[in-house]
Amino acid sequence: MEKKALLYEGKAKRIYATDDPDLLIAEYKDDATAFNGLKKGVIANKGILNNKISAFFFTLLAQSGVESHFVKLLSDREMLIKRAEIIKVELVVRNIAAGSLAKRLGLEEGWVLPRPVVEFYYKDDALGDPFINEDHIAVLGLATAEQVKFMAAQALMINEILTAHLKTCNVILVDYKLEFGLHHGKVLLADEISPDTCRFWEATTKEKLDKDRFRRDLGGVEAAYQEIYKRLTGGEQ
Ligand code: C5P
């Protein structure tokens with residue numbers, strides 16, 4: 277698989293063309309941003325860990341019938357992915373109150389929600405990814421009602437699969453963000469699933485094992501990402 281032109285550079289990844297028009301290469305960077313790019317930094321080895329953690333989750337989901345853009349790992353920082361046009365709606369699934377939900381609704385961080393909640397955000401950096409509902413998605417033409425229904429159902433199915441697996445690693449899945457894309461007209465799970473895009477708490481100590489350590493200057497950021505990788509895979513390279 278030949279790596280060709282750089283097509284897109286985001287905050288955490290670079291996307292390259294390949295000699296196959298249907299396939300792209302995602303290269304994971306160590307750059308870290310938070311608060312819509314206001315806070316910037318580098319987390320050593322983050323790109324390597326997030327590439328491998330995402331590959332692990334995408335493989336786990338595929339085994340349970342959830343398709344994604346992931347094809348295979350190519351190197352420490354690179355994965356081969358299916359070309360998909362990203363739908364400009366980010367889905368957040370929450371099991372426990374934290375982050376913007378706790379702030380917006382005045383909830384105590386750690387309150388266990390009676391059932392999972394699915395939220396939609398408009399993927400637009402200039403606007404700071406604002407909170408939107410299904411009516412906004414329809415009037416902005418971001419996705420069809422059927423696509424929204426499918427993405428929300430997938431997001432909840434993913435919640436069950438990930439929550440159950442992480443439980444065996446003694447990790448709580450607090451919340452996470454998903455992105456989907458259109459691949460030959462079909463909605464496909466895309467982007468990444470990593471400590472950058474999920475909140476993971478150590479089940480016994482409630483220690484944060486995710487990007488909140490960077491956001492809140494808690495230290496031990498790389499060690500937290502390493503810990504998630506180790507718990508998921510037993511540390512195999
Ligand atoms: O900040 P907030 O509480 O809304 O984040 C909810 C979840 O979505 C967190 O796991 C966070 O890491 C993730 N997220 C993300 N990218 C964003 C916003 C949130 O991965 N742009």
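Those letters in the sequence shown? Residues 277 to 513, by this note's numbering.
Even for Gly, the Cβ is constructed at its ideal location relative to N, Cα and C.
Predicted model only: the values in this text are computed from it and were never measured.
{"Item": "A302 to V365, Cα distance in whole Å?", "Value": "20 Å"}
{"Item": "Between M427 and the rest of its own chain, which residues show a CB-CB distance below 8 Å, the 5 nearest in sequence each way excluded?", "Value": "I363, V365, L367, A419, L454, F456, V463"}
{"Item": "Does the pairing of the segment 321-338 with the segment 464-481 give three or more beta-carbon distances under 8 Å?", "Value": "yes"}
{"Item": "By DSSP, does F396 sit in helix, in strand, or in coil?", "Value": "strand"}
{"Item": "Run through the DSSP bridge pairs and tell me what S344 is partnered with.", "Value": "L465"}
{"Item": "Mind checking who T294 pairs with in its DSSP beta bridge?", "Value": "K279"}
{"Item": "Is the CB-CB distance between L325 and Y505 below 8 Å?", "Value": "yes"}
{"Item": "What three-state label does DSSP hand R380 in the structure shown?", "Value": "helix"}
{"Item": "Hey, would you say the C-beta of Y501 is under 7 Å away from at least one heavy atom of ligand 1?", "Value": "no"}
{"Item": "Identify the continuous beta strand (DSSP E) that holds I319 and give its terminal residues.", "Value": "Counting along the chain, I319 falls outside any beta strand (DSSP E), and DSSP gives it neither H nor E."}
{"Item": "Quick test of the definition: if touching needs 3 or more C-beta pairs under 8 Å, does the segment 488-499 touch the segment 347-361?", "Value": "no"}
{"Item": "Identify whether L246 lies in helix, strand or coil by the three-state DSSP scheme.", "Value": "The requested residue 246 is not part of the displayed model; the chain covers only 277 to 513."}
{"Item": "W477 to K484, Cα distance in whole Å?", "Value": "5 Å"}
{"Item": "Give me, in chain order, the residues of the same chain whose beta-carbon lies closer than 6 Å to that of W387; leave out the 5 immediate sequence neighbours on both sides.", "Value": "A373"}
{"Item": "Are there any heavy atoms of ligand 3 lying less than 7 Å away from the beta-carbon of R492, as far as the coordinates show?", "Value": "Ligands displayed in this structure: ligand 1; ligand 3 is not among them."}
{"Item": "Could you give the distance in angstroms between the alpha-carbon of T294 and the alpha-carbon of F334?", "Value": "21 Å"}
{"Item": "Quick check on the burial criterion: 16 or more other C-beta atoms within 10 angstroms. Buried or exposed for K322?", "Value": "buried"}
{"Item": "Along the alpha helix (DSSP H) that carries R491, what are the first and last residues, could you check?", "Value": "488-491"}
{"Item": "How big is the Cα-Cα spacing for L508 and T444?", "Value": "9 Å"}
{"Item": "Taking 6 Å as the limit between beta carbons, can you name the residues of its chain near E503, skipping five residues before and five after?", "Value": "L485"}
{"Item": "Compute every distance between the C-beta of D405 and the non-hydrogen atoms of ligand 1, then say whether any falls below 7 Å.", "Value": "yes"}
{"Item": "To the nearest angstrom, how far is the alpha carbon of E384 from that of L377?", "Value": "10 Å"}
{"Item": "Given this structure, state the Cα-to-Cα distance separating V397 from A431, to the nearest angstrom.", "Value": "Checking the sequence shown, residue 397 turns out to be Tyr, not Val. If I take the Cα positions, the gap works out to 14 Å."}
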